[in-house]
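For reference, the structure discussed in these notes is given below.
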Amino acid sequence: MPPTGALIPADAPFSAQQESWLAGFIAGIAAAGRRESASATAPTATIDVLFGTQTGNAEFLAGELVAAARTRGLGGTATALDEVTPDQLAAMSHVLVITSTYGEGELPDNAALFWESLQSDTAPRLEGVRYAVLGLGDRGYDDFCQAAKLIDTRLEQLGAGRLHERVDCDVDFEDPAAEWTTTVLDRLVAETGAKSTDVEVDTAAAPTRSPWNKRNPYRSRLAVNRLLSAPHSAKEIRHYEFDLGDSGITYEAGDALAVVPLNDEELVGALLEHLGATGDEEAARLLRTEREIRTPSKELIAELAERAPSGELAAVVAQGTRSDLDSWLWGRDVLDLLRTTDPATAPTLPELLPLLRPLQARQYSISSSPLAHPDRIHLTVASVRYGAGQRRYEGVASTYLADRVGGEDATVGIYVQPNASFGVPADDDAPMVMIGPGTGIAPFRGFLHERAARGASGRNWLFFGDRNRETDFVYEDELSELRTRGVLTELDLAFSRDQAEKVYVQTRMRERSRELYGWLEDGAHVYVCGDASRMAKDVETALLGVVAEQRGRGDDDAAEYLADLRRAKRYVRDVY
């Protein structure tokens, strides 16, 4: 993912607010039978729904699947994959797995331990298990739905019987997920003899759902757009505040906000000019509002390579490795690729549109608390700008917010995406360690405001850093005030370019190894937010080193210690 701020990966939580499709989802599932109430008789068969999620999407679908199964006379529970041992899995009869893919084809954080044990030579045979897998992912990535593919294959290798073929969902997953659910439940009913209840659900007791979602975003007034980093910083980090008005939108510290952007008119104009289009066509409107024109799709790359087999792109595709292609594509957008194609063989505007992916909302970690700011949602976003000479490149959503939303009445399409697994401890006395360099500080600003508003007594420790203290110490005044008030107990800073030897947050963690381990032993919850490709991995390595050094029992013991923290939901990450 591009580093456009505290972005949330493709597994952004499927919000409880997505009522527009959810009604049809449940209705379709329940078509063959009427819904049961709380007073209905016990189910005639039981299923286990296991989910792997980075930020809540698969978890929400798992919960909805269990609810839908009950309308069909099936009992069941939704459980995170890491909470299930291989022996427990072997004792289950019908297993439905819903999992996203994180990073470069990796298992989500709450499924990594499950996958490790499932791969073991000691994993039990599963001949008595019937299963089906639903994958959530993004076709823009080479390892599309890789986690689902791995689990599906391994379950088959261990002897489990496939109830239904795996379905891999792209970013617009609602309809295929609903179809998969309906088909799987139909087969389960047929296999188990479960019978739908004749009692209607008491819908009056159901929670009220907000209508705001990705198909119907709320038009929010952008009330604040403030530069946080110094004008002469190498970065441009901004603070935004969105007015919730009478929307009825609610949120929690740690949730994400999806921003629906519009493409840059200048880039759209350059594309239309290159294609020889007037700009008045319906297709031109789609370029502005509904198609991704920054990041070339796989379909476009393949098409252009086929149209120009002797061109540079075709040579890289045919002879290069994946890393070679990634390197060649780095920084290039759709216009760049079209300009490398002979105009005689280049696609026309109508031919180009089907080759472009839908323009997606960008999700950012919310940097406020509803207890402190119930009527607004805050974001902390780095504006992406790079390039020189004739071409300057800009992030789609980050510069849309920074440059192209203006005026008193300027509005932006938004909707909240809850992140059930990433929030302050329920126990106000529990210590909290937060590691968030750069815009990774976003959710932790919200956490600190949340704990202050709750009057929580638990200690709070923040590790924060960036390039230079003078230009990049965002929210310095706020953090100083929180320290003065006693809300922020410890603050360790790492500004990498302020000295000859680079210093990072993981450096500070190692320097305070004894104290950090002491906090862990006192029950601290550890949170990490920021870049997944390097920072999050380096932080985990440092954390393992701290544990190994302080316990003195070796690397395997440290790994198991950290695994226990994961199982207890005391080590969670919001990385992108």
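Heads up, the sequence shown is in my numbering, so the first residue is 164 and it goes up one at a time.
C-beta atoms are modelled at their ideal positions from N, C-alpha and C, and glycine is treated no differently.
Everything numeric in this text was worked out from a predicted model, so none of it was measured.
By DSSP's assignment, L237 forms a beta bridge with A208. A direct Cα-to-Cα measurement between P424 and I456 gives close to 12 Å. Using a C-beta cut-off of 8 Å, the stretch 703 to 723 makes no contact with the stretch 623 to 637, since fewer than three inter-stretch Cβ pairs fall below that distance. The alpha carbon of I604 has as its nearest neighbour, out of L656, A583, A208, K700, the alpha carbon of L656.
If only uninterrupted beta strand (DSSP E) runs of at least 3 residues are considered, those enclosed by the stretch 297 to 332 are 330 to 332. When Cβ pairs closer than 8 Å are counted between the two stretches, the stretch 528 to 542 is seen not to touch the stretch 348 to 359, the count staying below three.
Under the DSSP assignment, Y680 falls in the alpha helix (DSSP H) whose first and last residues are 676 to 684. M595 is bridged by DSSP to N623, H688.
Residues of the same chain with a CB within less than 8 Å of the CB of L289, apart from the 5 flanking positions on each side, are L252, A253, L318, L321, G322, A323 in chain order.
Counting C-beta atoms within 10 angstroms of its own C-beta, G219 has 16 or more neighbours from the protein chains shown and is therefore classed as buried. Scanning its chain for C-beta atoms nearer than 6 Å, with the 5 sequence neighbours on each side dropped, one finds around G550 the residues Y556, in chain order. By a beta-carbon distance limit of 8 Å, R525 contacts A560. Their separation comes to about 4 Å. The beta strand (DSSP E) runs lying completely inside the stretch 518 to 583 and spanning 3 residues or more are 525 to 528, 539 to 545, 574 to 580, given in chain order. Closest in C-alpha terms to P594, from the list R733, A208, S256, comes R733. Within the DSSP bridge table, the entry for R389 names H402 as partners.
Taking C-beta atoms as the reference points, Y667 and S659 count as a pair closer than 8 Å. Under the Cβ criterion (8 Å, minimum of three pairs), the stretch 497 to 515 does not count as touching the stretch 585 to 593. Around the beta carbon of P517, a 10 Å sphere encloses fewer than 16 other beta carbons of the protein chains shown; the residue is thus reported as exposed.
Taking the C-beta atoms as reference points, G618 is found no nearer than 8 Å to D592. Relative to H437, the option among L500, E415, I464 whose CA is nearest is L500. Burial state of K665 is exposed, judged by a 10 Å Cβ sphere holding fewer than 16 other Cβ atoms. Residue range 605 to 617 is occupied by the alpha helix (DSSP H) that includes F607. Here R520 has E455, S460 as same chain residues with Cβ atoms under 6 Å from its own Cβ, once five neighbours each way along the sequence are excluded. Judged by beta-carbon spacing, D306 lies within the 8 Å limit of T264, meaning their Cβ atoms are closer than that value.
In chain order, R622, N623, W624 place their CB closer than 7 Å to the CB of T652, counting only its own chain and leaving out the 5 sequence neighbours on each side.
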